[in-house]
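To start, the structure itself, in structure tokens.
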Amino acid sequence: MSDTTRNSRAENKPSRGQAIDTGMALTLICLIGGLLTGRDAWFWAATGALLVNMTFPGLYRLPARLWFGFSALLGTVMSKVILGIIFFGLVTPLALLRKMLGHDPMRLGQWKNGSGSVFVVRDHRFTAKDIQHPF
């Protein structure tokens, strides 16, 4: 297990590996900024960030704390948002469509309509073949 995943949530102090990862991310952001804008200042900033990362990675502990804290918050929120979008965008319309088409696999419409049971009587004797190939 790497240093990045070993750090517990209760412990707010980022590990050395997380500080190094943050320094590398900052270097990459500076390089991308230089490629997109074409300005040499971004490349000098990337060089400085890389030198600091290689010599004094502990200087990136505060940015690492902010970076990984933000990612934990984003992961907590976005998982709920994505699951909500899937539910309300896919599951709910399909359920409404099936209801409009009259599909009732649980036979909910037959409950309390009569005195008989709506359960299906299944008189089946299980064999070894059923266990070997259950589906």
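Positions 3 to 137 (the numbering used here) are the ones given, in order, by the sequence shown.
Even glycine gets a Cβ: it sits at the ideal position worked out from N, Cα and C.
These figures come from a predicted structure and were not determined experimentally.
Less than 8 Å separating the beta-carbons of residue i and residue j?
{"i": "Pro65", "j": "Leu28", "result": "yes"}
{"i": "Pro59", "j": "Arg100", "result": "no"}
{"i": "Trp44", "j": "Gly35", "result": "yes"}
{"i": "Ala2", "j": "Arg63", "result": "Residue numbering for the chain in the displayed model covers 3 to 137; residue 2 lies beyond these limits and cannot be assessed."}
Where does residue i land, buried or exposed, given buried means 16+ other C-beta within 10 angstroms?
{"i": "Asn14", "result": "exposed"}
{"i": "Thr24", "result": "buried"}
{"i": "Met3", "result": "Confidence in Met3 is poor, its pLDDT being 46 and thus under 50, which makes the residue's placement too unreliable to answer from."}
{"i": "Phe70", "result": "buried"}
{"i": "Asn115", "result": "exposed"}
{"i": "Gln112", "result": "exposed"}
Need the endpoints of the alpha helix (DSSP H) that residue i sits in, please.
{"i": "Gln134", "result": "Ala130 to Gln134"}
{"i": "Arg18", "result": "Arg18 to Thr39"}
TODO: Run through the stretch 50-133 for me and flag every whole beta strand (DSSP E) of 3 or more residues, listed as ranges in chain order.
DONE: none
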